[in-house]
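Sequential numbering from 1 applies to the sequence shown in the numbering used here. Written out below as structure tokens is the structure these notes cover.
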Amino acid sequence: METSHSQDAIIGRIRHIMQLQHLSQSQLAKTIGIDASNVSKYLSGRLPVSEALLNRIVVNLNISKDWLRDGKGLPFDKVSRAMSVSSGEVAVSCINEGIPVYDIDVAAGCTEMTRAFTEENVIGRLNFPNLNPEWIVVRAKGDSMMPKINNGGYVAFLPQSDLQNILWGQIYVVVMENRRVVKYVRRHQEDPSKVVLRSENRNYDDMDVAINDICALYVVERIINIQDCV
1 METSHSQDAI
11 IGRIRHIMQL
21 QHLSQSQLAK
31 TIGIDASNVS
41 KYLSGRLPVS
51 EALLNRIVVN
61 LNISKDWLRD
71 GKGLPFDKVS
81 RAMSVSSGEV
91 AVSCINEGIP
101 VYDIDVAAGC
111 TEMTRAFTEE
121 NVIGRLNFPN
131 LNPEWIVVRA
141 KGDSMMPKIN
151 NGGYVAFLPQ
161 SDLQNILWGQ
171 IYVVVMENRR
181 VVKYVRRHQE
191 DPSKVVLRSE
201 NRNYDDMDVA
211 INDICALYVV
221 ERIINIQDCV
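What follows is the structure, encoded as structure tokens:
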């Protein structure tokens, strides 16, 4: 697939990612689903780096394929699904127009948010470009996701949880038994029964959470960084 020179460069980038994410050869093998002995052969050049190997690393480590294969761009330049909406694009309504804003904070709360998605908890409605009428909006509290999401800002998402098909590296509203948080959800490098919840604010440590302890996951589609919008 590649010349010897480009193979060496790709191997160097794989080693760089392993250093950044503190992965041993056995941990990398487990994460991307290949035999550990083959990782050693790839990294030593005894096996040629294949397109299939590149795809496994891209998908499981959330790496840019252009960077991994060709050295173009940045390792982690995959576009976030959660797009920001500027304050000038938001129209606030107290009547039945736009998507509902619920009087629910995602800092703490009950087990299932869906129990609170009722009309009596709607405190207003929002309109902005390219909205999905099925989205709902709730407030995000705290500074753990700043500057991506402001304290008191809002997030929009579909009220449909999917624990089986996690979009690694995306921002989620994560519902657990005694708390609700907004975090990046990343694959756990050592234990497939867990996920890593990561903050934007680097003053916060990663959280290792068992998937069985998560009641619901809602992928964030839009971020609305204005306070007291309703």
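Cβ coordinates follow ideal geometry from the N, Cα and C atoms, glycine included. Keep in mind that this is a model prediction, so the values were computed, not measured.
Report task. Could you name the residues of the same chain whose beta carbon sits closer than 7 Å to that of residue 97, not counting the 5 residues immediately before and after it, in chain order? Result -> Against the sequence shown, residue 97 aligns to sequence position 97. 125 and 127, listed in sequence order.
Query raised in the report: Exposed or buried, residue 157, counting other C-beta atoms within 10 Å across all chains shown (16 or more means buried)?
Result: As a first step, residue 157 must be located in the sequence shown, where it is residue number 157. That one is buried.
Query raised in the report: From which residue to which residue does the beta strand (DSSP E) around residue 202 run?
Result: Taking the sequence shown and counting its residues from 1, the one referred to as residue 202 is at position 202. No beta strand (DSSP E) holds residue 202; DSSP gives it neither H nor E.
Query raised in the report: Rounded to whole angstroms, how far is the Cβ of residue 186 from the Cβ of residue 198, which I believe are closer than 8 Å?
Result: Taking the first residue of the sequence shown as 1, we reach residue 186 at position 186. Taking the first residue of the sequence shown as 1, we reach residue 198 at position 198. Residue 186 to residue 198, Cβ: 6 Å. Contact.
Query raised in the report: Can you give, in chain order, each stretch of the beta strand (DSSP E) that sits fully within the segment 28 to 112 and has at least 3 residues?
Result: 83 to 85, 91 to 93 and 99 to 105
Query raised in the report: Buried or exposed: residue 212, going by 16 or more other Cβ atoms within 10 Å of its Cβ?
Result: Taking the first residue of the sequence shown as position 1, residue 212 is located at position 212. By the neighbour-count criterion, in which 16 or more other beta carbons inside 10 Å mark a residue as buried, residue 212 falls on the exposed side.
Report task. Kindly indicate which residue of 118, 174, 164 and 29 has the alpha-carbon position closest to the one of residue 155. Result -> On the sequence shown, position 155 is the one that residue 155 refers to. Cα-wise, what sits closest to residue 155 is 174.
Requested in this report: Taking the CB atoms as reference points, tell me whether residue 45 and residue 7 lie closer together than 8 Å.
Outcome: The sequence position of residue 45 within the sequence shown is 45, counting from 1. The sequence position of residue 7 within the sequence shown is 7, counting from 1. Their beta carbons are under 8 Å apart, which means residue 45 touches residue 7 by this criterion.
Query - Terminal residues of the beta strand (DSSP E) in which residue 153 lies - result: To locate residue 153, count along the sequence shown from 1; it is residue 153. First-last of the beta strand (DSSP E) with residue 153: 153 to 157.
Query raised in the report: Rounded to a whole number of angstroms, what is the C-alpha to C-alpha distance between residue 184 and residue 73?
Result: Looking up residue 184 in the sequence shown gives position 184. Looking up residue 73 in the sequence shown gives position 73. Rounded to the nearest angstrom, the gap between the Cα atoms of residue 184 and residue 73 is 22 Å.
Query raised in the report: Can you tell me whether DSSP reads residue 143 as helix, strand or coil?
Result: Position 143 of the sequence shown, counting from 1, holds the residue named residue 143. It is coil, neither helix nor strand.
**Report entry** Pairwise C-alpha distance: residue 200 and residue 148
**Finding:** Position 148 of the sequence shown, counting from 1, holds the residue named residue 148. Position 200 of the sequence shown, counting from 1, holds the residue named residue 200. Taking the straight line from one Cα to the other gives about 7 Å.
Report task. Spatial neighbours of residue 81 within its chain, please: CB distance less than 8 Å, with the 5 preceding and 5 following residues excluded, ordered by chain position. Result -> Within the sequence shown, residue 81 is the residue found at index 81, counting from 1. Closer than 8 Å at Cβ, skipping near neighbours: 167, 170, 171, 219, 220 and 221.
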